[in-house]
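The sequence shown: position 184 = 398 (the working numbering), numbered continuously.
Note that the Cβ used here is the ideal one computed from N, Cα and C, for glycine as well.
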Amino acid sequence: MNLTKRIKRPTLHEELVERLRNLVVEDALKPGEKVPEKDLCESFGVSRTPLREALKVLASEGLVVLQANRGARVAEVTPEELEKTFPVIAMLEQLAGELACKNLSDAGIASIEKRHEAMVKAFHARDIKSYFQANQDIHAALIEGARNDILESHHRLLAARVRRARFMVNLSDERWAQAIQEHEQMMDKLRERDADGLGRLMKMHMMNKYAAHIKALSDKPEHSDQS
Numbered sequence: 215m216n217l218t219k220r221i222k223r224p225t226l227h228e229e230l231v232e233r234l235r236n237l238v239v240e241d242a243l244k245p246g247e248k249v250p251e252k253d254l255c256e257s258f259g260v261s262r263t264p265l266r267e268a269l270k271v272l273a274s275e276g277l278v279v280l281q282a283n284r285g286a287r288v289a290e291v292t293p294e295e296l297e298k299t300f301p302v303i304a305m306l307e308q309l310a311g312e313l314a315c316k317n318l319s320d321a322g323i324a325s326i327e328k329r330h331e332a333m334v335k336a337f338h339a340r341d342i343k344s345y346f347q348a349n350q351d352i353h354a355a356l357i358e359g360a361r362n363d364i365l366e367s368h369h370r371l372l373a374a375r376v377r378r379a380r381f382m383v384n385l386s387d388e389r390w391a392q393a394i395q396e397h398e399q400m401m402d403k404l405r406e407r408d409a410d411g412l413g414r415l416m417k418m419h420m421m422n423k424y425a426a427h428i429k430a431l432s433d434k435p436e437h438s439d440q441s
């Protein structure tokens, strides 16, 4: 866990939220684990107050659970919750893809293409963190490009719940390669402004992530110490 980079004050709240979120998503803080507030404050160079304000944001996203007089612990998302959540996100992504094809400007599509190129570059470099960030940026740009505030707010809430599962599943080489192929197809549909085609692909892409996550859980040794 790299906690040595101190946080700059101008972006304290936003950066602190993102850094804490990444610790959860990237499995540096594991499900059920107590959040080490004192250690994090010392490492980030912040006081308890901004740290706890950031933890409130993560709690609203379902990533941590705040416990009265006992601090916070990393939330444990159950298989049952993922089973209910992924199909809803998939439907939201389908709608977002359809709307983005209609509402994005040419410049907006070009911007997503640049993110896609960065993601492919990270894939070939086997840089999972840079890949995942570019991947998240692409999906966020498509959601934003839908120009629907209600869709965006619901997607943001649900996506935070499954972000760790989405990150961990890309650690599989097979799924990683499959995901790149799916994104190439999605970009083709976006360039063509094929709303129905992109919508279907985005829904399939999300459900394939869920299927890969379930497979990873079933392949995991019953008494493994790994999360």
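Between which two residues does the beta strand (DSSP E) carrying residue i extend?
i	result
Leu280	Val278 to Gln281
Grouping DSSP H, G and I as helix and E and B as strand, with all else coil, what is residue i?
i	result
Gly285	strand
Lys270	helix
Lys248	strand
Val376	helix
Glu443	The question about residue 443 has no answer, for the chain in this structure spans 215 to 441.
Glu256	helix
Ser261	coil
Glu447	Residue 447 is absent from the structure shown; the chain starts at 215 and stops at 441.
Ala242	coil
Glu290	coil
List the whole-angstrom C-beta distance separating residue i from residue j, where the pair is believed to meet the contact cut-off of C-beta under 8 Å.
i	j	result
Leu277	Arg235	6 Å
Arg352	Ile326	Looking at the sequence provided, one finds Ile at residue 352 rather than Arg. 6 Å between Cβ atoms; contact.
Val249	Val288	7 Å
Met401	His330	5 Å
Rounded to whole angstroms, what's the CA-CA distance from residue i to residue j? Just pull it up for me.
i	j	result
Thr292	Ala324	38 Å
Arg493	Leu356	There is simply no residue 493 to check, as the chain begins at 215 and stops at 441 in what is shown.
Thr225	Arg233	12 Å
Ala430	Asn349	20 Å
Cys255	Gly285	13 Å
Asp387	Glu275	29 Å
Lys417	Lys316	17 Å
Glu436	Arg380	Low per-residue confidence applies at Glu436: pLDDT is 47, beneath 50, and the placement is therefore not dependable, though the value from the model is reported in the following sentence. Computed Cα separation, rounded: 21 Å.
Lys328	Ala282	45 Å
Thr299	Ala374	11 Å
Met382	Lys403	27 Å
Val302	Leu313	17 Å
Lys340	Met333	Residue identity differs from the one stated: residue 340 is Arg in this sequence, not Lys. Approximately 10 Å, taken between the alpha carbons.
Tell me where the alpha helix (DSSP H) around residue i begins and ends.
i	result
Arg233	Leu226 to Val239
Ala314	Pro293 to Asn317
Leu404	Asp387 to Glu406
Alpha helix (DSSP H) runs wholly inside the segment 319-355, at least 4 long, in chain order: 320-338
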